[in-house]
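Worksheet for the structure shown next.
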Amino acid sequence: MPADIRHIVFDIGKVLIHYDPNLPYSRIIPDAEERQWFFANVCTHDWNIEQDRGRDWAQAEALLIAQYPERETQIRAFRKHWAEMVPHAYDDSVAIMTGLIDAGHDVTMLTNFAADTFSEARQIYPFLNIPRGVTVSGEIGLIKPDVAIYQRHARDFGLEPAHTIFIDDSYPNVEGARAAGWQAVHFTGAETLKADLLAAGIAV
């Protein structure tokens, strides 16, 4: 029988807010094949995750521009047009989160996010300031699914791992939370999340 839930932890990207680098780049690199090549070889997921780990953008850009000098404008566009990549919130998910807070639940957030873009996100989406707190990977130099980031979050916010449930759209991140002794659910949509929380004994 799972332990009673006392702490609820939300991921942010693709759980509370939409994220898609193709949004600005469909304009910057209109050709779909070329754009796919660019994300596979230049501004890759692995390159971007290092900003989530704390690398600053100037260093990140310089690294790629040295390899692809002819792509400099397109490389710099990633940070320059970042706000276009997060065009809207998932209102139904946000309503679940704020409803849990209003009902008296302890809610925090744990996200892989560059420090400076997260600061922008908080201005764009004020609801990110409502939970008790947040651990931002880029601010502490740890990223999900490293067990250490879950342990750090639990320590910083006084969470009891066995009584904590984590919500993330990335299954490896869900597994990371479980490896840290947390309960965790894989986010696929608001309705499924409601059912998952209900199954964990949390009325939404």
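My numbering numbers the first residue of the sequence shown as 22 and each following residue consecutively. Quick reminder that beta carbons are idealized off the backbone N, C-alpha and C, glycines included.
Worksheet entry | Alpha-carbon to alpha-carbon, A81 and R49 | Along the sequence shown, read from residue 1 onward, the residue named residue 49 stands at position 28. Along the sequence shown, read from residue 1 onward, the residue named residue 81 stands at position 60. Rather than Arg, the amino acid found at residue 49 in this sequence is Ile. Cα to Cα, the separation comes out at about 19 Å.
Worksheet entry | Helix, strand or coil at M22 [DSSP, three-state] | Position 1 of the sequence shown, counted from the start, is the residue given in the question as residue 22. Interpretation of M22 is limited by its pLDDT of 47, a score under 50 that renders its predicted location unreliable; no figure is taken from the coordinates.
Worksheet item: Taking only runs of the alpha helix (DSSP H) that begin and end inside the stretch 84 to 122, which ones reach a length of at least 4 residues, in chain order?
Response: Counting only runs of at least 4 residues, the stretch 84 to 122 fully encloses the following alpha helix (DSSP H) elements, listed from N- to C-terminal order: 93 to 101.
Worksheet entry | In chain order, each beta strand (DSSP E) run of at least 3 residues that lies wholly inside the stretch 131 to 168 | 155 to 157
Worksheet item: Counting along the chain, where does the alpha helix (DSSP H) carrying D217 start and finish?
Response: The count along the sequence shown starts at 1 and reaches residue 217 at position 196. Run containing D217: A211 to A220, per the alpha helix (DSSP H) assignment.
Discussion item. With H, G and I counted as helix, E and B as strand and the rest as coil, what does DSSP make of V36?
Written reply: Numbered from its first residue, the sequence shown carries residue 36 at position 15. It is coil, neither helix nor strand.
Discussion item. Just to confirm my understanding: we take R76, look at its own chain, exclude 5 residues before and 5 after, and list those with CB closer than 6 Å. What are they?
Written reply: Translated into positions along the sequence shown, residue 76 becomes position 55. Answer for R76: no residue qualifies.
Item to complete: Indicate whether the contact test is met: 3 or more Cβ pairs, each with one atom in the stretch 110 to 121 and one in the stretch 163 to 179, closer than 8 Å.
Response: no
Item to complete: Have a look at A116 and E141 and give me their C-alpha separation to the nearest angstrom.
Response: For the purposes of this step, residue 116 is taken as the residue at position 95 of the sequence shown. For the purposes of this step, residue 141 is taken as the residue at position 120 of the sequence shown. Roughly 21 Å separates the two Cα atoms.
Item to complete: Grab me the residues of Q95's own chain with a C-beta within less than 7 Å of its C-beta, minus the 5 sequence neighbours each way, in chain order.
Response: Here the question's residue 95 lines up with position 74 in the sequence shown. Closer than 7 Å at Cβ, skipping near neighbours: I49, I50 and F59.
Item to complete: With a threshold of 16 other CB atoms inside 10 Å of the CB of N150, please say whether the residue is buried or exposed.
Response: Counting from one through the sequence shown, the residue named residue 150 turns up at place 129. By the 10 Å Cβ count, N150 comes out exposed.
Worksheet item: Closest to K35 by CA distance: which of H102, G210, E93 and G222 is it?
Response: Indexing the sequence shown from 1 puts residue 35 at position 14. Checked all of H102, G210, E93 and G222; the closest Cα to K35 is G210.
Worksheet item: Closest to N43 by CA distance: which of D73, I26, H102 and E93 is it?
Response: Looking up residue 43 in the sequence shown gives position 22. Residue H102 is the option with its Cα nearest to N43.
Practice prompt. Compare the C-alpha of K165 against each of H126, N133, P147 and E181 and name the closest.
Written response: In the sequence shown, residue 165 corresponds to position 144, counting from 1. For K165, the nearest C-alpha among the options comes from N133.
Fill in: Where M22 falls, given that 16 or more other Cβ within 10 Å makes a residue buried
Residue numbering aside, residue 22 sits at position 1 when the sequence shown is read from its first letter. Low confidence applies to M22: its pLDDT is 47, below 50, so where it sits in the model is not reliable, and the reading given next is rough at best. That one is exposed.
Worksheet item: Along the chain, where does the alpha helix (DSSP H) that runs through V195 open and close?
Response: The count along the sequence shown starts at 1 and reaches residue 195 at position 174. Note, V195: alpha helix (DSSP H), Y192 to A200.
Worksheet item: Exposed or buried, which one is P152 when buried takes at least 16 other CB atoms within 10 Å?
Response: In the sequence shown, counting from the first residue as 1, residue 152 sits at position 131. Buried, since its Cβ has 16 or more Cβ neighbours within 10 Å.
Practice prompt. Locate the alpha helix (DSSP H) running through A61, then write down its first and last residues.
Written response: For the purposes of this step, residue 61 is taken as residue 40 along the sequence shown, with counting starting at 1. That run of the alpha helix (DSSP H) goes A53 to N62.
Fill in: Residue from L219, T185 and E212 with nearest C-alpha to A205
Stepping through the sequence shown from its first residue, residue 205 is reached at position 184. Measuring from the Cα of A205, the nearest candidate turns out to be T185.
Worksheet entry | Residues near Y192 in its chain [Cβ-Cβ closer than 6 Å; skip 5 each side] | Locating residue 192 in the sequence shown gives position 171, counting from the first residue. These residues qualify, in order along the chain: H207.
Worksheet item: Tell me, which residues are paired with F187 by DSSP?
Response: As a first step, residue 187 is located in the sequence shown; it is residue number 166 there, counting from the start. Note: F187 sits in a beta bridge opposite V30 and A205.
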